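Written out below as structure tokens is the structure these notes cover.
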Amino acid sequence: MPQSPSLAASASTPPLLRLLVGRSEFALLVALIVIIAFFSLASGTFLTVRNMTNVLGQASLALTAGIGVAIVFISGEVDVSVGSLVAAVAIPLVTIMNMTESLALGVCGALALGLVVGAVNGYLSAYAGINSLIVTLGTLFILRGGVYLYTGQTAIPDDAMLESFFQIGNGRILDVLPIPAAIAFVLLLVFAYVLRHRPFGRQVYAVGGNPEVARLAGYNVRRIKFTCFLISALLATVAGILLASRLGSAVHVAGLGFEFQVVAAVVLGGVSLSGGVGSLFGMALGVLILSFLSNGLGMLDLATEWQLVITGFIIIAAVGFDEVKRQRH
């Protein structure tokens, strides 16, 4: 029996291309290419090595924190505390370095604070049963208020002036690729592998898709969600360390509104707000789309207000498209 034209065309399509087209990331990749192509034609300085690497460096913070936020979303919970945590972890980092002149001790202090915040968010959400949006929103305000109180709304300078600390946020590999971007890409690959090929990753998707079924399958739902909050806090801490290095101080307004930038990229990247759906590569494309869009609009001298409006429309459209696709399936 002869094949229909559509079946014949499908059979003749290379397997890799069929895989890409069948994934939601393909549309995001096309959108990213279109954005880069448009601004390359609109601005002569957009498609330059310097500008491209600068955008990657700026996007690395949202990409790093976005990995953790996406994992929490996939598990069926929400974390909006990352912006304030980015500012908070810089305080023990810089303070300890100033006292000891040790980068390692400063980083340990920052990670310790991140672990505490992640544990509190995870315990209250997963074990105490409080809505994670309320918990992390409360954490956001508590941390931001604490930062204001401790610093007196004045930056704490990096008096130690360690070259190793400076290079973390400002150095470049082969004088081209920013070190923060390299760190973000390595973390992306590691956690993407864990989510797709390790038991923990399968458990996260199962818990986010249907926690009751996951529990009946023998998964410890509370522990898995608790671990996701720990991961999110630790990755936000890494982003905070990178930002503090770039700024050369602990700044009380650091990360202000950062949580919205990260959540927007995660949602744009196809991570479902209902849990159980999404990928880290989609999230990464969402970060890059918003970063290149902001950079390009800035080069066209478009007012910041209009940049926010355009970004908002894109996010609403992305969520609407995801909802339509989910209802069809």
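Following this note's numbering, the numbering of the sequence shown begins with 37 at its first residue and continues without gaps.
Note that the Cβ used here is the ideal one computed from N, Cα and C, for glycine as well.
This structure is a prediction, so every number in the text was calculated from the model and none was measured.
1) Using the C-alpha atoms, what's the distance from Val-360 back to Val-57?
2) With which residues is Arg-208 paired in a DSSP beta bridge?
3) Beta-carbon within less than 7 Å of Tyr-159's beta-carbon, same chain only, minus the 5 sequence neighbours each way: which residues are those?
4) Gly-305 and Ala-95: beta carbons closer than 9 Å?
5) Excluding the 5 residues flanking Val-91 on each side, which residues of the same chain have their C-beta closer than 7 Å to its C-beta?
6) Starting from Phe-236, trace the alpha helix (DSSP H) in both directions and tell me its first and last residue.
7) Taking the alpha helix (DSSP H) that Glu-61 belongs to, which residues open and close that run?
8) Once DSSP output is grouped into helix, strand and coil, what is the label at Ala-44?
9) List in chain order: all unbroken alpha helix (DSSP H) runs of 4+ residues lying wholly within the region 134 to 176.
10) Compute the Euclidean distance between the alpha carbons of Ala-253 and Gln-239, then round it to the nearest angstrom.
11) Which of helix, strand or coil does DSSP assign to Ser-285?
12) Rank Leu-338, Asp-337, Leu-333, Ala-300 by C-alpha distance to the C-alpha of Ile-352 and give the top, closest one.
13) Buried or exposed: which applies to Ala-164, given that a residue is buried once 16 or more other Cβ atoms fall within 10 Å of its Cβ?
14) Name the one or two DSSP bridge partners that Pro-193 has.
15) Using three-state DSSP, classify Leu-224 as helix, strand or coil.
16) Indicate whether Leu-223 and Thr-89 have their beta-carbon atoms separated by less than 9 Å.
Judging by the given coordinates:
1) As a position in the sequence shown, residue 57 is number 21, starting the count at 1. As a position in the sequence shown, residue 360 is number 324, starting the count at 1. Reliability fails at Val-57, whose pLDDT of 43 lies under 50, so the model's placement of it is uncertain and the value that follows must be treated cautiously. Taking the straight line from one Cα to the other gives about 18 Å.
2) Counting from one through the sequence shown, the residue named residue 208 turns up at place 172. BP columns for Arg-208 point to Pro-214.
3) Here the question's residue 159 lines up with position 123 in the sequence shown. Excluding sequence neighbours, Tyr-159 sits near Phe-262.
4) Along the sequence shown, one-based indexing puts residue 305 at 269. Along the sequence shown, one-based indexing puts residue 95 at 59. Contact: no.
5) The residue labelled residue 91 in the question sits at position 55 within the sequence shown. Within the same chain, Val-91 has close Cβ partners Ser-327, Phe-328, Asn-331.
6) For the purposes of this step, residue 236 is taken as the residue at position 200 of the sequence shown. Segment 235 to 245, the alpha helix (DSSP H) holding Phe-236.
7) As a first step, residue 61 must be located in the sequence shown, where it is residue number 25. Looking at the DSSP string, the run of the alpha helix (DSSP H) that includes Glu-61 is 60 to 78.
8) By one-based count along the sequence shown, residue 44 stands at place 8. Any reading at Ala-44 needs caution, since the residue's pLDDT is 44, under 50, leaving its predicted position unreliable; the model's value is listed next. Here Ala-44 sits in helix by DSSP.
9) 139 to 158
10) To locate residue 253, count along the sequence shown from 1; it is residue 217. To locate residue 239, count along the sequence shown from 1; it is residue 203. Cα to Cα, the separation comes out at about 10 Å.
11) For the purposes of this step, residue 285 is identified with residue 249 of the sequence shown, where counting begins at 1. Note: Ser-285 maps to strand in three-state DSSP.
12) For the purposes of this step, residue 352 is taken as residue 316 along the sequence shown, with counting starting at 1. The residue with the shortest Cα to Cα distance from Ile-352 is Ala-300.
13) As a position in the sequence shown, residue 164 is number 128, starting the count at 1. So Ala-164 counts as exposed.
14) Your numbering for residue 193 matches position 157 in the sequence shown. DSSP output for Pro-193 lists Ser-285 as bridge partner(s).
15) Stepping through the sequence shown from its first residue, residue 224 is reached at position 188. Leu-224: helix per DSSP, three-state reduction.
16) Residue 223 sits at position 187 when you count from the first residue of the sequence shown. Residue 89 sits at position 53 when you count from the first residue of the sequence shown. Contact flag unset, no.
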